[in-house]
Amino acid sequence: MADDSIKIHGARQNNLKNLDLELPLGELIVITGVSGSGKSSLAFDTVYAEGQRRYVETFSPYARQFLDRMDRPQVERIDGIPPSIAIDQTNPVRTSRSTVGTMTELNDHLKLLFARAARLYCHGCGREVLRDTPDGIYEQLMHEAGSQSPRLVVTFAIEIPHNFTADEIKKVLEQQGYTRIHSEHDNIIEVVQDRMRLSEENRGRLVEALEIALDKGHGKVAVYPLGENREPGQPWKFSSGLHCAHCDIHYKAPQPNLFSFNSALGACDTCRGFGRTIGIDWNLVIPDESLSLREGAIKPFRSGYSMECQEDLVRYGRKRKIDLDTPWKALDAKTKRWVIDGEGSWDGKTWYGVQEYFDFLESKAYKMHIRVMLSKYRSYDVCPTC
113 MADDSIKIHG
123 ARQNNLKNLD
133 LELPLGELIV
143 ITGVSGSGKS
153 SLAFDTVYAE
163 GQRRYVETFS
173 PYARQFLDRM
183 DRPQVERIDG
193 IPPSIAIDQT
203 NPVRTSRSTV
213 GTMTELNDHL
223 KLLFARAARL
233 YCHGCGREVL
243 RDTPDGIYEQ
253 LMHEAGSQSP
263 RLVVTFAIEI
273 PHNFTADEIK
283 KVLEQQGYTR
293 IHSEHDNIIE
303 VVQDRMRLSE
313 ENRGRLVEAL
323 EIALDKGHGK
333 VAVYPLGENR
343 EPGQPWKFSS
353 GLHCAHCDIH
363 YKAPQPNLFS
373 FNSALGACDT
383 CRGFGRTIGI
393 DWNLVIPDES
403 LSLREGAIKP
413 FRSGYSMECQ
423 EDLVRYGRKR
433 KIDLDTPWKA
443 LDAKTKRWVI
453 DGEGSWDGKT
463 WYGVQEYFDF
473 LESKAYKMHI
483 RVMLSKYRSY
493 DVCPTC
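Following the numbering used here, the numbering of the sequence shown begins with 113 at its first residue and continues without gaps.
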């Protein structure tokens, strides 16, 4: 932006009396004054309203219907104003999902931005995933070939249905005029659409072949360059959908909800969009590492019905010749893992492990006393996936 300030001319919103003002950009500005002097009228109803209105006007009519729009303020003109946001001084209802982005509604704009303007890259190979067109493929082939004019073989793949044989599919292809097969492997027949030399003179023929191959190949096409002895080289693969032809990975068309942590479509599968996970804090389960397993190093096994687990731990520990009288901190890593992970299921007549004990409690968490008990040993951690 060329302007380095916001220039307000003739502001008459509410109790503002034809105010002219210049506000420098990039500075922290405080508006102060007695009640009724027009502070909110200037900040919210004039500057913010005009900045927000102009920003929303840049969106398409379809997008604008989902966004709050403010009326044009009573002002002669405002120059040099950038897009604006405002946080009200009221105390809205906040949840564990509230962020600065949700409170300022920036998330709504960012979701639209990523859904419409973002570029997709394959997580398998890192290549940009584009919807290829016949003309676009031709331009890419010319770029890849450079100054050379190699002979090309345009092919498309046909998958053999389970209720047909390869010979039956080939007969159907012959009836449609396809008599040349490039390769056959893994229940896939690769059919030759056309052969030609890559050149400007053959542009129309090549584009037509690519268009037909994309149609017959359900949006996928492979182009093989031929060597001096007409042996095929590594193919160039293209797709007319959001599909990485190199990794054979399909991607969904971008929707705004894919970029929202409040939506099941966009939320992390591990933390469901909260940014942290709740799990067992082993420092609370084993608070005193100077105790041995026989002395009750596992705290939840010391009382109540869970004492049966302590008896199981001692009984199975004897069978495995586990040292039950050595302090927890002195046990080797293998023994600690045996105690925590166990070696079988709950009903497998083997030690099931402390983790299995907590998994069982989680399955009964609909009971209040179980939830209270679990809360004593839980902690929040930063989501490892995020």
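Glycine residues also receive a C-beta, built at the ideal position from the N, C-alpha and C atoms.
{"query": "Closest to Glu-340 by C-alpha separation, out of Ser-351, Arg-309, Val-187 and Ser-208, would be which residue?", "result": "Arg-309"}
{"query": "Is the beta carbon of Arg-352 sitting closer than 9 Å to the one on Thr-216?", "result": "Here the sequence assigns Ser to residue 352, which means Arg is not the residue at that position. For Ser-352 and Thr-216, no; Cβs fall outside 9 Å."}
{"query": "The beta strand (DSSP E) that contains Leu-425, what's its start and end?", "result": "Counting along the chain, Leu-425 falls outside any beta strand (DSSP E), though it belongs to the alpha helix (DSSP H) covering 419 to 431."}
{"query": "Taking only three categories from DSSP, how would you classify Glu-401?", "result": "coil"}
{"query": "First and last residue of the alpha helix (DSSP H) that includes Phe-470?", "result": "466 to 475"}
{"query": "Taking only runs of the beta strand (DSSP E) that begin and end inside the region 180 to 240, which ones reach a length of at least 3 residues, in chain order?", "result": "187 to 191"}
{"query": "What's the C-alpha gap between Trp-450 and Asp-471?", "result": "16 Å"}
{"query": "At which residue ranges does the region 316 to 348 contain complete beta strand (DSSP E) runs of 3 or more residues, listed in the order of the chain?", "result": "332 to 338"}
{"query": "Which of the three DSSP states, helix, strand or coil, is assigned to Ser-135?", "result": "The residue you asked about is not Ser; residue 135 is Leu in the sequence shown. If DSSP states are grouped into helix, strand and coil, Leu-135 belongs with the strands."}
{"query": "For Tyr-492, which of helix, strand or coil comes out of DSSP?", "result": "strand"}
{"query": "Within 10 Å of its beta-carbon, does Ala-229 have 16 or more other beta-carbons around it, so buried, or fewer, so exposed?", "result": "exposed"}
{"query": "On the premise that Ala-357 lies in contact with Thr-267, defined as a C-beta separation below 8 Å, what is that separation, rounded to the nearest angstrom?", "result": "Their Cβ separation, rounded to whole angstroms, is 12 Å, which puts Thr-267 and Ala-357 out of contact at 8 Å."}
{"query": "Mind checking which residues open and close the alpha helix (DSSP H) that includes Val-484?", "result": "480 to 487"}
{"query": "Tell me whether the region 434 to 443 and the region 472 to 483 touch, counting them as touching only if at least three CB pairs, one residue from each stretch, are closer than 8 Å.", "result": "no"}
{"query": "Which of the three DSSP states is assigned to Asp-435 in this structure?", "result": "coil"}
{"query": "Name the two residues that bound the continuous beta strand (DSSP E) containing Val-168.", "result": "No beta strand (DSSP E) holds Val-168; the alpha helix (DSSP H) holding it covers 161 to 169."}
{"query": "Taking 8 Å as the threshold, find out whether the region 364 to 381 comes into contact with the region 390 to 409 through three or more Cβ pairs.", "result": "no"}
{"query": "Just to check my reading of the structure: Gln-467 and Ile-482 have Cβ atoms closer than 8 Å, yes? What is that Cβ distance to the nearest angstrom?", "result": "No, Gln-467 and Ile-482 are not in contact; Cβ-Cβ is about 16 Å, not under 8 Å."}
{"query": "So who's on the other strand from Gly-58, going by DSSP bridges?", "result": "Residue 58 lies beyond the range of the chain shown here (113 to 498); nothing can be said about it."}
{"query": "Could you tell me the distance, in whole angstroms, from the CA atom of Gly-248 to the CA atom of Gly-456?", "result": "58 Å"}
{"query": "Give the secondary structure of Met-113 by DSSP, where H, G and I count as helix, E and B as strand, and everything else as coil.", "result": "Its pLDDT being 43, under 50, Met-113 is placed unreliably by the model, and the measurement read from it follows with that caveat. Reduced to three states, the DSSP call for Met-113 is coil."}
{"query": "For a test of the three-state rule: what should DSSP assign to Asp-306, helix, strand or coil?", "result": "strand"}
{"query": "Please state if the CB of Ile-197 and the CB of Tyr-250 are separated by a distance shorter than 9 Å.", "result": "no"}
{"query": "Can we say the region 116 to 131 touches the region 183 to 193, given the rule of at least three CB pairs closer than 8 Å?", "result": "yes"}
{"query": "So the alpha helix (DSSP H) Arg-449 belongs to, where does it begin and stop?", "result": "445 to 453"}
{"query": "Would the beta-carbon of Gly-213 fall within 9 Å of that of Leu-222?", "result": "yes"}
{"query": "Using the Cα positions of Arg-315 and Ser-261, report the straight-line distance between them to the nearest angstrom.", "result": "12 Å"}
{"query": "Among the residues of its own chain, which have a CB less than 6 Å from the CB of Ala-175, if the five just before and after it don't count?", "result": "Leu-224"}
{"query": "Express the C-alpha separation of Gln-367 and Leu-499 in angstroms, rounding to a whole number.", "result": "Absent from the model: residue 499. The displayed extent of the chain is 113 to 498, so no value can be given."}
{"query": "Could you tell me whether the Cβ atoms of Ala-334 and Ile-300 are closer together than 9 Å?", "result": "no"}
{"query": "Less than 9 Å separating the beta-carbons of Ala-498 and Cys-359?", "result": "Checking the sequence shown, residue 498 turns out to be Cys, not Ala. No."}
{"query": "Would you mind stating whether Ile-53 and Ser-487 have Cβ atoms separated by less than 9 Å?", "result": "Outside the modelled stretch of the chain, which goes from 113 to 498, sits residue 53, for which no answer is possible."}
{"query": "What three-state label does DSSP hand Ser-372 in the structure shown?", "result": "coil"}
{"query": "Looking only at DSSP bridge pairs, what is His-355 linked to?", "result": "His-362"}
{"query": "Using DSSP's beta-bridge definition, name the partner residues of Thr-267.", "result": "Val-304 and Ala-334"}
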